[in-house]
Amino acid sequence: MGTRRTYLKRAMDPDIVIRQFSPDDFLAVCNLEQGEKGSPYSAAVFVRQAAVLFGPMFLVAVCGRTVAGYVVGAVPLTAPEEGWVLRLRVADRFRRRSVGTALLSSLFSAFSEAPVQRVLLTVDPENHPARSLYRAWGFHETGIFPGYFGPGEDRLLLSAAFPLRKNR
């Protein structure tokens with residue numbers, strides 16, 4: 005295993021630190037991944053596999069000993085000019101405290117170590133808070149995928165030129 009990184013980027017709350025996922029984060033991240041309606045098994049499978057496959061691009065925001073959120077990104081072997089934001093989740097009680105911004109900023113720092121030229125992600129068209137956050141980073145809609153995750157699970161494809169800088 006490689007060296008785990010702790011990013012110096014902090015959210016507006018000075019007690020929140022962004023660092024690479026560690027096995028000690030497993031249960032907390034599973035709980036966030038599962039949410040209210042998800043499957044504990046599916047969440048656990050995703051978290052275990054993400055830890056193996058995405059290592060330095062699987063980051064958590066920690067406040068004290070509490071996982072406030074996480075982000076997972078990837079640079080495909082078949083398209084190294086693309087960086088993908090695969091997941092971004094922030095616990096309800098940590099929302100509106102710039103945790104998502106700090107997680108994205110740290111992920112984009114990790115992308116800078118690859119030949120990334122643009123960043124892509126998909127988002128639920130009804131997730132207006134997430135769309136607003138991504139818009140502030142310069143993302144724009146480039147497509148829509150009806151039924152992307154099954155019936156009624158449409159997704160917007162968003163992209164932005166890299167490197168990104170957040171607008172105020």
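Just so you know, we're using my numbering here: the sequence shown kicks off at 5 and counts up by one.
Glycine included, every Cβ here is placed at the ideal spot set by N, Cα and C.
Note that the structure is predicted; figures quoted are calculated from it, not measured.
- Three or more pairs of CB atoms, one per stretch, sit closer than 8 Å, so the segment 145 to 164 contacts the segment 119 to 128.
- Rounded to whole angstroms, the gap between the alpha carbons of Leu111 and Pro18 is 19 Å.
- Scanning the segment 14 to 77 for uninterrupted beta strand (DSSP E) segments of 3 residues or longer gives 20 to 24, 62 to 67, listed from N- to C-terminal end.
- In terms of Cβ geometry, Ala106 and Ala140 do not form a close pair [threshold 9 Å].
- In the DSSP annotation of this structure, the continuous segment of the beta strand (DSSP E) that includes Ser163 starts and ends at 159 to 165.
- Secondary structure note for Gly87: its beta strand (DSSP E) is the uninterrupted segment 86 to 94.
- The alpha-carbon separation between Arg100 and Gly77 amounts to approximately 22 Å.
- In this structure, Ala54 sits away from Arg122, with a CB-CB distance that is not shorter than 9 Å.
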